[in-house]
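Residues in the sequence shown are numbered from 742 upward in steps of one, following the working numbering.
No residue lacks a Cβ here, since even glycine has one placed at the ideal position from N, Cα and C.
These figures come from a predicted structure and were not determined experimentally.
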Amino acid sequence: MKVLFLGDIVGRNARNLAQKKIAKFKTQLKLDAIIINVENAAGGFGVTPSICDDFFNAGADVLTTGNHIWDKREIISYISKSDRLLRPMNMIEGTPGLGMTIVKVKAGTIGVANVMTNLFMSRSDPVFDKVPLIIEHLKLTSNVDFSLIDVHGEASSEKMAIGFALDGKVSAVVGTHTHVPTADHQILENGTAYITDVGMSGDYNSIIGMDKNDALKRFMYPNEKKSRLEVSSGEPTLCGVVIETDTNGLSKSIIPLRLGGKLEQTILVWLF
Ligand code: FE2
């Protein structure tokens, strides 16, 4: 199967660009599924029901999130009824919504799990405790044809460790949250596609997607009253990876995708 994963959508411009491009990507890149992290899609903080609907209507198959999932309260009732919008599976027991799902697409069945790491992140259950559960539920070829784990986290070491813990058991482990793409995309030795962070989809003339002047002031003058951070309004770049798997569900390739804005060159070289 061939699946596109897009990194953290930050704000309206990135959202509009992603929604406009999804159908084109599906045909041009011959994709079987599209998975998108949307935890910053609503003004940089959280996601709303109508934004999720817009992504599904545009062609997204599963949406993942992270620590900002509850920033917009109205998402609580929506996620409780959805099997395609995920929150990290290691949030405390009783948290609304699913952290792992299996959905059907034309070419087969895809399993997606969303976890949040523990180092330098808001409190959640130990992420490594969820590894056996993922392996058990998303068995390649018997339960699913393709599986992807969105590892939402700050520390690259911890994300790499999750990658190796799942190597050979899932199709792909992709990192999100830092909003900066890493250049370590690779197929691990047992066949799992891996990248520490796919990068955000947003304006890269910014500090991780937010207006750089306000963000800079916070660092330079930490004792001054903080102004509200706004999403940077420049031209967005879509960042993600295209993963292609074999009939055994393990990966043959992982290719970075970067379209628009300051980082555009990569997609031109790799995909067209
Ligand atoms: Fe995050």
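Cβ-Cβ distance between residue i and residue j below 7 Å
i    : j    : result
G785 : G752 : yes
Y945 : G909 : no
V950 : H918 : According to the sequence provided, residue 950 is Gly. The question's Val does not apply to it. In this structure, H918 does not lie closer than 7 Å to G950 by Cβ.
F712 : E815 : Outside the displayed span of the chain (742 to 1013) sits residue 712, for which this structure offers no information.
L827 : T850 : no
V885 : V914 : no
Helix, strand or coil at residue i according to DSSP, with G and I counted as helix
i     : result
Y935  : strand
D749  : coil
M830  : coil
P873  : helix
D794  : helix
I810  : coil
A799  : helix
S821  : helix
G838  : coil
V868  : helix
L860  : coil
G1002 : helix
First and last residue of the uninterrupted alpha helix (DSSP H) at residue i
i    : result
M901 : 897-906
K765 : 752-769
A956 : 953-961
Beta-bridge partners of residue i, as assigned by DSSP
i    : result
I984 : V744, I995
A774 : V744
V944 : What sits at residue 944 in the sequence shown is Asp, not Val. D944 is bridged to P977.
T805 : N778
V972 : M951
L881 : V885
Terminal residues of the beta strand (DSSP E) in which residue i lies
i    : result
L889 : 887-893
K845 : 841-846
I851 : 849-857
A924 : Per DSSP, A924 belongs to no beta strand (DSSP E) and is neither H nor E.
T917 : 913-917
Through-space distance from residue j to residue i, alpha-carbon basis
i    : j     : result
Y819 : D812  : 13 Å
P867 : K900  : 13 Å
D749 : F797  : 16 Å
P837 : G807  : 13 Å
F715 : L929  : It is not possible to answer for residue 715, since the shown part of the chain is limited to 742 through 1013.
I763 : A755  : 12 Å
K822 : L839  : 9 Å
G932 : K953  : 39 Å
S865 : K871  : 12 Å
T789 : L1000 : 25 Å
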